[in-house]
Every structure is written in structure tokens, then in C-alpha cells.
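Taking it in order: structure first as C-alpha cells, then the write-up.
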Amino acid sequence: MHTEFILAAAKNIQQCILANESTLESLDREIGDGDHYINMKRGANTIVELEAELTPLKPDEALNKIGMKLLSTIGGASGPLLASFFMSMAKVLKENGGDSHAKIAAAFSAGVQAIIQRGKANIGEKTMLDVLIPVAQQFEILATQTSDVNLISKSLIRTAEQGMLSTKDLIATKGRAAGLGERAIGHIDPGAKSCQLMIESVCKLVLEK
Amino acid sequence: MHTEFILAAAKNIQQCILANESTLESLDREIGDGDHYINMKRGANTIVELEAELTPLKPDEALNKIGMKLLSTIGGASGPLLASFFMSMAKVLKENGGDSHAKIAAAFSAGVQAIIQRGKANIGEKTMLDVLIPVAQQFEILATQTSDVNLISKSLIRTAEQGMLSTKDLIATKGRAAGLGERAIGHIDPGAKSCQLMIESVCKLVLEK
Amino acid sequence: MKKFINNVDNILVESLSGFAKAHSDLVELHLEPNFLTRANKAQNKVAIISGGGSGHEPLHAGYIGYGMLDAACPGHVFTSPTPDQMLMAAEAVHADKGVLFIVKNYAGDVMNFEMAAEMLPFENATVLTSDDCAVINSTYTTGRRGVAGTVIVEKCVGSLAETGADLKACKALGDKVNKQTASIGVALTSCTVPTAGRPTFDINESELEIGVGIHGEPGRRREAMREADEIVGDCVEAILTDFKIRDIHPTNKHEALLLINGFGATPLMELYLIFNTAAKLFNLQGFEISRSLVGNYTTALDMAGASITLCLLDDEIKQHWDSPVHTAALRWGK
Amino acid sequence: MKKFINNVDNILVESLSGFAKAHSDLVELHLEPNFLTRANKAQNKVAIISGGGSGHEPLHAGYIGYGMLDAACPGHVFTSPTPDQMLMAAEAVHADKGVLFIVKNYAGDVMNFEMAAEMLPFENATVLTSDDCAVINSTYTTGRRGVAGTVIVEKCVGSLAETGADLKACKALGDKVNKQTASIGVALTSCTVPTAGRPTFDINESELEIGVGIHGEPGRRREAMREADEIVGDCVEAILTDFKIRDIHPTNKHEALLLINGFGATPLMELYLIFNTAAKLFNLQGFEISRSLVGNYTTALDMAGASITLCLLDDEIKQHWDSPVHTAALRWGK
Ligand SMILES: Nc1ncnc2c1ncn2[C@@H]1O[C@H](COP(=O)(O)OP(=O)(O)O)[C@@H](O)[C@H]1O
Ligand SMILES: Nc1ncnc2c1ncn2[C@@H]1O[C@H](COP(=O)(O)OP(=O)(O)O)[C@@H](O)[C@H]1O
Ligand SMILES: [Mg+2]
Ligand SMILES: [Mg+2]
Ligand SMILES: [Mg+2]
Ligand SMILES: [Mg+2]
Chain A
0 MHTEFILAAA KNIQQCILAN ESTLESLDRE IGDGDHYINM KRGANTIVEL EAELTPLKPD
60 EALNKIGMKL LSTIGGASGP LLASFFMSMA KVLKENGGDS HAKIAAAFSA GVQAIIQRGK
120 ANIGEKTMLD VLIPVAQQFE ILATQTSDVN LISKSLIRTA EQGMLSTKDL IATKGRAAGL
180 GERAIGHIDP GAKSCQLMIE SVCKLVLEK
Chain B
0 MHTEFILAAA KNIQQCILAN ESTLESLDRE IGDGDHYINM KRGANTIVEL EAELTPLKPD
60 EALNKIGMKL LSTIGGASGP LLASFFMSMA KVLKENGGDS HAKIAAAFSA GVQAIIQRGK
120 ANIGEKTMLD VLIPVAQQFE ILATQTSDVN LISKSLIRTA EQGMLSTKDL IATKGRAAGL
180 GERAIGHIDP GAKSCQLMIE SVCKLVLEK
Chain C
0 MKKFINNVDN ILVESLSGFA KAHSDLVELH LEPNFLTRAN KAQNKVAIIS GGGSGHEPLH
60 AGYIGYGMLD AACPGHVFTS PTPDQMLMAA EAVHADKGVL FIVKNYAGDV MNFEMAAEML
120 PFENATVLTS DDCAVINSTY TTGRRGVAGT VIVEKCVGSL AETGADLKAC KALGDKVNKQ
180 TASIGVALTS CTVPTAGRPT FDINESELEI GVGIHGEPGR RREAMREADE IVGDCVEAIL
240 TDFKIRDIHP TNKHEALLLI NGFGATPLME LYLIFNTAAK LFNLQGFEIS RSLVGNYTTA
300 LDMAGASITL CLLDDEIKQH WDSPVHTAAL RWGK
Chain D
0 MKKFINNVDN ILVESLSGFA KAHSDLVELH LEPNFLTRAN KAQNKVAIIS GGGSGHEPLH
60 AGYIGYGMLD AACPGHVFTS PTPDQMLMAA EAVHADKGVL FIVKNYAGDV MNFEMAAEML
120 PFENATVLTS DDCAVINSTY TTGRRGVAGT VIVEKCVGSL AETGADLKAC KALGDKVNKQ
180 TASIGVALTS CTVPTAGRPT FDINESELEI GVGIHGEPGR RREAMREADE IVGDCVEAIL
240 TDFKIRDIHP TNKHEALLLI NGFGATPLME LYLIFNTAAK LFNLQGFEIS RSLVGNYTTA
300 LDMAGASITL CLLDDEIKQH WDSPVHTAAL RWGK
């Protein structure tokens, strides 16, 4: 992984978040408090504005800086979770390096583990983890089986999408929607949706190359 | 004038106010504060409920009691004005008696004078006086010229209607609508409308006999 | 109309009962005729009584207590109270130094209080508040309306009365504070009178009403909705023009009290934003905003909107504004 | 959406600036990161810090001052603040007796405060408030939300801290007050988040939402609009049931504080009417409502609606509720 790629991914993510304003906004209005889009937008904009500062950094340093910046920018539930993701991913990359798909997948998994720890949630609770956990698992498996990045990317896009869609039928047991009981059924979790969009953005960037 | 007639008139007025709910309400919403209907309704209901107490009284006593009751029931601008009307009318009736149209007309005029004094307004200021002053004048004139109560009644109904309609093109210089300047033009004054309705009710009662 | 009510005819008494229950240390409620007095009758002072239509809460009952009112007479929603209420209230609270009525300048309030004053068997005087500069006092009006500035008048007069000052002095201070005060209101939505069951006026998403009255009376003009700074700028200008028209010329660095009053449905967040801009603009005009009050103090039921009030201070007014007050809605010192 | 704003991105800073200007005797505003502290730093006491998303004004900045908070960290509208705000606020106000965070139980608030607590270089503890009994604490939830009861926790803990009590004692009192408190809210209209520009939820003229959250989160159920007494009756029952479920059994004649909190667009008149009914119903259930608070204390922007909070009193809580407090939104004694 190169810092250049991280920067390009950040821009893609930003575009994708902006393009999905009404989707993200409605989802959080339906079963949350309506601020998820603006939180994600604030985060994405801040990272893209950081380009000059990030450019000279090593990938792990850049990811750590991104995590720290998100921590003081997003707020809400998604802020500390995404920040934890990037800071933990950075830590593992720093320790093990990121010169293979397997190492990147391991770092990604470490990031997801950090979210699990911080939020004390797991799969099936109608959160972003319903996207992130399956994607992390699939990524680790594929990374040992193939070196075809296109195949990996396409597969992760599908996994993310399935995870996101799976939240629709769930009762929430973590996050703001947990207060809703049965009424949350039928609605996709906003954080799951934004994570799916971010994963898709990054994977598409890989595919475009 | 008999107390029986006063009681019948009160009932007619009550019915007429209730039947004109939306008119009175809209007029006061347009250039006032929207409570004129409910004020008039409260007043009318209270007087009708007073029937048993009023029945044994002499006409002037009944009117005085009605005035006093209205004073503590209606509130707003119309309360003290209508109360003053009835109390002054009662006073003159008591002094001069009410056994001729001329005497009743004089008492009515005294009532209107009391409104003028209390409210410091006069004709042309877009208030109930635009109905009451012409009606009082016409009543006094007709009472000396004819003893045909039907003719008097019909004429007063017309005068009241003209007075009420005349308020439409006026700028208000008294009452709540005085704050509106030009914006009051095009709207009939609610107090003028309710006075016109009351006069019509009473006159129709005379005509029905 | 969606409101927390049982029966539109009982809303006032049920609400007053709740108020009296919640503040039983401060007030006592009397029914038929309706009025509220201090829980403990004050002695040796001019009795200060106010009142008016309901729907402007906390005005006036919320200002009963040490340093402010002795009694308040609530009328029906937006309808002035009747003279019997004032008479009974005066009877209950007067303490041989006379009664001062503080009355907002509306035909109905003026006449009902006037009739009470005429019937009252003891010394009394009346301060008419008329701070609303939306209504320009030209030949064609009965004069300006009393709005949020009334709170400042009640606070200052109440403070002076507490010192044992006589009726004349209390009236004089009230008249002075009223003269030195100007207000203007802006509505974003209409209020809904419970008995009417529908909004008093129609206003759409892109309009605002400048100069609106606290009963939802239409104001100076209907305008296109604009950003807060522009709206506040127009209000500030209206207030300054009003002082000029009335030949009141504040000195440079004149101290002033700035009151941002919410009409009922406007969040505090917006009221403080308005305060921020208004204070800035008045500063630029050479005023020193040394006192402030931000919140819902003279409301119009559920109307969204706010009014801006500027009161020019001098040492006397400042002293009486700062002095202790202990009421349901205004409380400091002591 | 019609609001008094200039630019949705500046609303928070402009409003905070107005707040700080209007209450310069009480608070000091710090920007980037945003937090507010007492104007005069307190010594020899546990520093009490709260915070949360904005839009609930006067919560929390309105409770900074003697007898309550030392600092508040406002997030964006309905978005929890970030750890750097809490760290800087703690740095500014801690006085060597540790820091107590008072945090409403929402995933976002909890995690952001938790990260701040982990990074904080000095002793600290956290009280999580979770008084909202709309969310039944069953296996499928992260727990109840913190709503208007937070004000009672902040008041009592703030009072205790002022006596020089240590961090452990302050946390213990906070936890106790929270445990003895239950709230439930009802919405008649939705709020509108400025950045969203449209109502968070749709609700029609004949519906109400029972158990709504202070961010406009949907509640227990959507119901047909009914008369106030019935709505209040359901709320009172929900609160009593909640105490039972949590195995809290008030004694007969148990003293209690009843808080009727407006969500922002509901007139005081209606809040007092609700108080009247709620007090009556709690009395019938054997409670003695000996303390009360009625007004907009924990709002949800411009939502019409209200919440009912009952806090069971004991001598300790009573003492700390009654003790002097001197903040922008709550002030008595002293
Ligand atoms: N404990 C948790 N673990 C994982 N994800 C969570 C948790 N709590 C909330 N989330 C995620 O955060 C999203 C909401 O983010 P956002 O709207 O930005 O914050 P908030 O809920 O504070 O308004 C939810 O849709 C959910 O995916
Ligand atoms: N000074 C006055 N002299 C005569 N009539 C007046 C005066 N002021 C107001 N009115 C009448 O009172 C009517 C309004 O009555 P109402 O709505 O019951 O009271 P309020 O204006 O106090 O709400 C006006 O339409 C007008 O006809
Ligand atoms: Mg959210
Ligand atoms: Mg009217
Ligand atoms: Mg009226
Ligand atoms: Mg949020």
C-alpha cells in the first residue's frame, strides 16, 4: 500500500459520500437522529483537505494521522469507531508492514477488531460491523488464496453489499436504533451503508487501475 | 320594552353569534387576534344562562345586570364597551322610562355615547361605532317620524349593514387593527360585524311579531 | 391543532392550577374571579399588579414574587382580564400605600383596567407600557403596543416598590423605563389560539412577518425570509429610528439592556444567535450592552419568532434591574 | 425549514458566542476545540464536566456555574463532542481533585467521553445518565438513554462537589440520583436539524409519538392524538412500571421531584397543564411532589412535545437539589 493510494481513496470516498447525501441522510433520519451524512461528510472533507500534510508520510503514518483527525472531527458514534479503525490498522501496518495482500488484510482486520472493542458490539447487532466483519473475514481468506486484486475487489464489494443489506431485517441491539425494538426492522443501518459505500469506493479504485 | 323581549332578544343574539362562528372568527384573525367570536359567544351564553335571574326584573334592571355580567365575562376590548352600553342604556331607561320608541331610541343613543366615552373613538375609526353611531342616529330620527316598528326595524337592519360594510375600506385608528395601517384595508371590522348581527337579530325579532 | 389540552374551555384553569402547585412557595391562586397573589402578602409597599390576556407565559404570573409583582390577573387566551379580577386582586394585596397597575397598551387591557381603577376604593395609578415600535405612533393610531419591554418595567418598578417608595415614584419610574425602551418582533410562523383551533395567520415557508404583535397581529410588512443577520439588522435599525423619532438621543457608549425574547417555539440556540448579532450591531452604533436577558419571557403561545428589545440604562434603572428578584421566571440575588 | 440562521455551518459558533456574551459573568467560551468553562475557575473541588450534542439548550452550557458544572463540551447539533474537547476542558478546569464526567448514555457520547477518559492524565470517573424509561432495558438494547433527568444529576453532583467532596462520593451521588430517576417523552411534532433542513420524522395532525428521544428518535409507539390527561396518564404509568421493573419500590408518601420538560416548541401554558395532571396522578399513587421544575431544560431543537421526569428524593438528594445554584438556566439561593 502506498500513501498515494490512500489519498486517492480518500478522494473517492469523499465523492461517494457526497453523492449519497440523501440516502445516508434518510437512513439516519429513519432509525437514528439524522446526522450521519453530515458527520461522514465532515470527516471526508477534513481528510481530503489534509492532502498536503499526508503526502510526505509513510502509509501507516498517514492512516494514523487520518484516524486522529477523524477522532477530533466526526464525533457521534461513528467518529470514535472509524478513528479506532484507522489508528489500529496503522499500528499493525507499522509493526508488520503492508507489502502483501495478506498483511493488508490482517491490518484491516485489526482495525475492525478495534471497532468491536470500542463499541462492544458484534455481528448481527445492526451496525457498521455487519459490513466490516464479513469483509474483513473474506479479505483475509482471499488474500491467502489469490493474488488477483480484481477478483478480491469484486468479491469484497459483493460482501459489503450483502452485509449492508443484511442489516435491513435486524433488530438493533447497539447504537441509537437500539431504542426502537421491532420498529427498526425494514430499515438499513446508516453506518453499515456508509461503510459499504467506502469499501466499494476503495475497491473500485483498485479495479480502475 | 319588556323584560320578556330582552330575554328573547338575548336568545336570538346567542343563536346568531353561534351561527356566525367562522365569519367572526376569521375577521378577527385577519386584522385582530382571533378571539372576538369566542368573546362574544362567552358573553351571549352567560346572558342566556341568566334567564331565571333576569325574568323577575324590570327592563332597566335587567339591562343593567346584563351590562355588569358582560363586564366580568367578556374581557378584551368588546367587554367593557358592550358593558358600558348596557349599563348606560339601563340608566337612561330607569330615569326616563321606555314606554315609547323615542325613549328607547334615546336610551340606545346613551349606550352608544358610553361606548364613545369609554373607547375614545368615533365614527370612521373602523370599530363597532361605525355600526352603532349611524344606527343610533337613524333610530332617533325614525322614532320621531313614525310609529311603524316594522319600518323602523327594516331601516335599522339596513343602516347596520351599511355601517358594517363601510369599515371594509377604512384604516383603523382605534383598537387592535390600528397597528396595521394600510394593511387593514379590505377587511371588515369584527366588532362592527358582531354589532350588525346583534342589531339584525333584535330587529328581526320585532319583525316576526 | 395539536396541543396538550383536555378541553379548550378548561385550559386556563388547569394551567394556572399547575403553575400554582409548582410554585406554591411563591404564589397563591384564587379562582372566580381568577387572580394570583404572592404566597406571603407584602407589607408597607405599593402593591404592584399586572395582568392581561393569557398565552404570554411566563408573563405575568411568572413575575409574581419578591422584587416584582404582588398580583397578576390572567384573562382568557389573548383576551384582557375583566375589572372584577383587578378589583379582587387589589383588595387582596394592597397594603395602604396604594396600587400601581402595569398595563400593556391594548384597547381591551386599557379599558378593563381603567374601569377597575375607577371603581377601586383606594389610591391607584397606572403605567401603560408601549414599547413596540412596530406600530409607529402617528396620527392614525391609538399608540404603540406593550410587548416584551413590559418585563423590564415590571422588574424595575417592583424593585423600587420593595424599598417603600411611594405610588408617585413607582409610576414615574415605570413611565421612564417604558419611554427608554423599544421593541420589535418577527414571526416565522403563526400561533394557534386553542379555541380557534387553527393558525391566526397563514405564512409560507419563504416568508416572515416583521413587526408582528404578541397575539399574532399582522405587523409592518410581510417579507421574504432572509438570513438572521439581515433580519436582526432591520430590527436594530427600527429600534434606533424609533428612538430618533421619539427624540431620544442616547449618548455615545450609552449603557443598554438587550433582551432577546422568544415567542414560544424558537429554540434557545437561535435566540442566542440573534443576541450575538444584535449585540454586535448595537455595539457598532455606540451602545454598550451591559445587561442582557435571553429566553422566553413574553410569548405568543406557540409562535416561532422572537423580539428584540433595547432599554437605555441609567444608574437608577440599572440599580433596580440588578436588585434581587425572586419569582418563578426571573430570579437572582438573595 | 425557517430558522434564525446565517449559515448552517456557523450556527453553533454564533450561538455559543451569543451565549458567552450574554453570560460573560458566568462563562468563558473557548473555540477550536469548543468548550465553555466557568468565568472564574473553581478551586479545591472535583471538576464536573458534561457535554453532548448541541440542540438541547440550555443543556449543558446553561448549567455552568456555581453549584453545577465547571465546563461543558458542545458537539455539533445532535452529534457527540470529540475527545479533544473533553481533554482541553478538563485541562482548563481540573483542580487537583479529579474530574467527573457526566455523560448521557448514547453510544456516541459514551465512546467519545471514554476515549477522552482513557487519555486524560489525571484521576477521573464518569456518571452515565440513563433515565429514559421509553427504552426498556432488555437483552436487546445497549441500555436506556440519558434525557432530562441529567439536569437533576448535574445539579445534585454539582452541589456535592462544591462542598469539597471527593471524586468517589461525587460519582456515587450521581449514580444514585440517576438510578432514582425515570423519564419519558412525548412528541407532537418532529424537530428539524438545521443541516438536514427537513423534519427528522413525519407525523400528522392526529398522531403523537410516545417515548420519543431528545434527538427525534422514534419512540415506543405511534398513537392517535388524545387529550392531555390520557397522554400524561400513560407517561405516569410508564414511569411507575419502570421503577417496578428495576426493583425500586418507593415507600408510601415518598417525596419526589417532578420535572416537566418542554422540548422546545411547547408553550409554558401547556407544560403547567401537564404538571397539574402529572402531580395529581403521582399524588394518587402515594407520592408527595415536594419539589418541581417546569420549563425548557433539555430540549430537542424546535420539537413540540414534553417529557415527564420523576426523581425519588431522600434527604441527601433534597439537600443537594435545594442548595444554591448560579447558572444561566438554573438559579436560586445565594
Ligand atoms: N456500538 C457500536 N458499534 C458499532 N457501530 C456502531 C455502534 N453504535 C453505533 N454504531 C454505528 O454508528 C452509526 C451511527 O453513526 P452517527 O449517526 O454518525 O452517530 P450517532 O448515532 O451518534 O448520531 C450507526 O448506524 C451504526 O452503524
Ligand atoms: N376604542 C374602541 N372603541 C370602539 N370599539 C373598539 C375600540 N377598540 C376596539 N373596538 C372594537 O372591539 C373589537 C375587538 O373586540 P375583541 O376581539 O373582542 O377584543 P380584542 O381586540 O381585545 O381582542 C374591534 O373589532 C372593534 O370593533
Ligand atoms: Mg446519527
Ligand atoms: Mg380580538
Ligand atoms: Mg383579544
Ligand atoms: Mg448524532
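Chains as they are written, first to last, in numbering that gives the first Met the number 0: chain A, 0 to 208; chain B, 0 to 208; chain C, 0 to 333; chain D, 0 to 333.
Just so you know, even glycine gets a beta-carbon here, dropped at the ideal spot from N, CA and C.
Item to check | Residue(s) in a DSSP beta bridge with residue 108 of chain B | outcome: Per the DSSP secondary-structure output, residue 108 of chain B pairs with nothing in a beta bridge.
Item to check | For residue 334 of chain D, the first and last residue of its enclosing beta strand (DSSP E) | outcome: With chain D covering only 0 through 333, there is no way to say anything about residue 334 of chain D.
Next on the checklist: Tell me the rounded alpha-carbon separation between residue 78 of chain B and residue 48 of chain C.
Outcome noted: About 20 Å.
Checklist entry - residue 1 of chain B by DSSP, collapsed to three states: which one? => result Residue 1 of chain B falls in the coil class under three-state DSSP.
Checklist entry - Which chain D residues are close to residue 266 of chain C, counting only those with a beta carbon under 7 Å from its beta carbon? => result The contacting residues are 56, 263, 298, 300 and 301.
Checklist entry - Cβ of residue 186 of chain A within 9 Å of Cβ of residue 176 of chain A? => result A contact, by the Cβ cut-off of 9 Å.
Checklist entry - Should residue 111 of chain D go down as buried or exposed, given a rule of 16 or more other Cβ atoms within 10 Å for buried? => result Around the beta carbon of residue 111 of chain D, 16 or more other beta carbons sit within 10 angstroms, so the residue counts as buried.
Next on the checklist: According to DSSP, simplified to helix, strand and coil, what is residue 148 of chain D?
Outcome noted: Here residue 148 of chain D carries a helix assignment [DSSP, helix/strand/coil].
Checklist entry - Going by the C-beta, is residue 76 of chain B closer than 8 Å to any heavy atom of ligand 5? => result True, at least one ligand heavy atom lies under 8 Å from that Cβ.
Next on the checklist: Quick check on the contact list: which residues have their beta carbon closer than 5 Å to a heavy atom of ligand 3?
Outcome noted: Cβ atoms closer than 5 Å to ligand 3 belong to A:27, A:31, A:32, A:34 and A:35.
Checklist entry - Taking the beta strand (DSSP E) that residue 115 of chain C falls in, what are its first and last residues? => result Premise fails: residue 115 of chain C lies in the alpha helix (DSSP H), 106-118, not in any beta strand (DSSP E).
Checklist entry - Looking at C-alpha atoms only, which residue of C:11, C:157, C:30 and C:40 is the closest neighbour of residue 318 of chain C? => result With distances taken between Cα atoms, residue 318 of chain C lies closest to C:157.
Item to check | Reference residue 68 of chain C; option with closest CA among C:54, C:74 and C:89 | outcome: Nearest C-alpha to residue 68 of chain C: C:89.
Next on the checklist: Using only CA atoms, which one of B:142, B:82, B:153 and B:2 lies nearest to residue 99 of chain B?
Outcome noted: Ranking the options by Cα distance to residue 99 of chain B, first place goes to B:142.
Next on the checklist: Taking CB distances under 9 Å as the criterion, tell me whether residue 168 of chain A reaches chain D.
Outcome noted: Taking CB atoms only, residue 168 of chain A has no neighbour in chain D less than 9 Å away.
Checklist entry - To which residues of the same chain is residue 277 of chain C closer than 8 Å at the C-beta, ignoring the five residues directly before and after it? => result Excluding the 5 residues flanking it on each side, residue 277 of chain C has same chain C-beta neighbours closer than 8 Å at 231, 234, 235, 257, 259 and 307, in chain order.
Checklist entry - Can you tell me the Cα-Cα spacing of residue 77 of chain C and residue 124 of chain A, whole angstroms? => result Approximately 52 Å between the Cα atoms of the pair.
Next on the checklist: Quick test of the definition: if touching needs 3 or more C-beta pairs under 8 Å, does the region 291-305 of chain C touch the region 208-218 of chain C?
Outcome noted: Two segments are said to touch when three or more pairs of C-beta atoms, one from each, lie closer than 8 Å; by this definition the region 291-305 of chain C touches the region 208-218 of chain C.
Checklist entry - Is the Cβ of residue 286 of chain C closer than 9 Å to any Cβ of chain D? => result Output row for residue 286 of chain C: interface = no.
Checklist entry - residue 180 of chain D to residue 132 of chain D, Cα distance in whole Å? => result Their Cα atoms are separated by approximately 9 Å.
Next on the checklist: In whole angstroms, give me the CA-to-CA distance for residue 206 of chain A and residue 128 of chain A.
Outcome noted: Taking the straight line joining both Cα atoms gives about 24 Å.
Next on the checklist: Closer than 8 Å is the cut-off here; do at least three beta carbon pairs connect the region 19-28 of chain B with the region 190-208 of chain A?
Outcome noted: Contact check between the region 19-28 of chain B and the region 190-208 of chain A: fewer than three CB pairs, one atom from each, fall below 8 Å, which does not count as touching.
Next on the checklist: Cβ closer than 9 Å: which chain B residues qualify as neighbours of residue 214 of chain C?
Outcome noted: In chain order: 31, 32, 33, 34 and 175.
Checklist entry - Under 9 Å between C-beta atoms, does residue 179 of chain B make it to chain C? => result Closer than 9 Å: yes.
Next on the checklist: Counting only Cβ-Cβ distances shorter than 8 Å, please list the residues of the region 43-55 of chain A near chain D, keeping chain order.
Outcome noted: Residues are counted here when their Cβ sits less than 8 Å from a Cβ of chain D; for the region 43-55 of chain A the count is zero.
Checklist entry - Which residue from C:150, C:117, C:15 and C:123 puts its Cα closest to that of residue 74 of chain C? => result Considering only C:150, C:117, C:15 and C:123, the residue with the shortest C-alpha distance to residue 74 of chain C is C:15.
Checklist entry - Is residue 16 of chain B close to chain C, meaning its C-beta is less than 9 Å from at least one C-beta of that chain? => result Not an interface residue.
Checklist entry - Taking Cβ positions only, does residue 87 of chain A come closer than 9 Å to chain D? => result Any Cβ of chain D closer than 9 Å to the Cβ of residue 87 of chain A would place that residue at the interface, and such an atom is absent.
Next on the checklist: Considering only DSSP beta bridges, list what residue 306 of chain C is partnered with.
Outcome noted: Beta-bridge pairing links residue 306 of chain C to C:184 and C:260.
Checklist entry - Is any heavy atom in ligand 4 found nearer than 8 Å to the beta carbon of residue 104 of chain C? => result No.
Next on the checklist: Please return the same chain residues whose Cβ sits closer than 8 Å to the Cβ of residue 97 of chain B, not counting the five positions on each side in sequence.
Outcome noted: Contacts found: 0, 58, 59, 103 and 106.
Item to check | Chain-ordered residues of the region 74-105 of chain D with a beta carbon less than 9 Å from chain A | outcome: From the region 74-105 of chain D, only 74, 75, 76, 77, 78, 79, 80, 81, 82, 83, 84 and 105 have a Cβ closer than 9 Å to chain A.
Next on the checklist: Between the alpha carbons of residue 19 of chain D and residue 28 of chain D, how many angstroms are there, rounded?
Outcome noted: Taking the straight line from one Cα to the other gives about 6 Å.
Next on the checklist: How far does the alpha helix (DSSP H) with residue 17 of chain D in it extend, from its first residue to its last?
Outcome noted: Run containing residue 17 of chain D: 10-21, per the alpha helix (DSSP H) assignment.
Checklist entry - Are three or more beta carbon pairs between the region 111-130 of chain C and the region 158-170 of chain B nearer than 8 Å? => result Short answer: they don't touch.
Checklist entry - At a Cβ threshold of 9 Å, is residue 189 of chain B touching chain C? => result It does not: the Cβ of residue 189 of chain B has no partner Cβ on chain C nearer than 9 Å.
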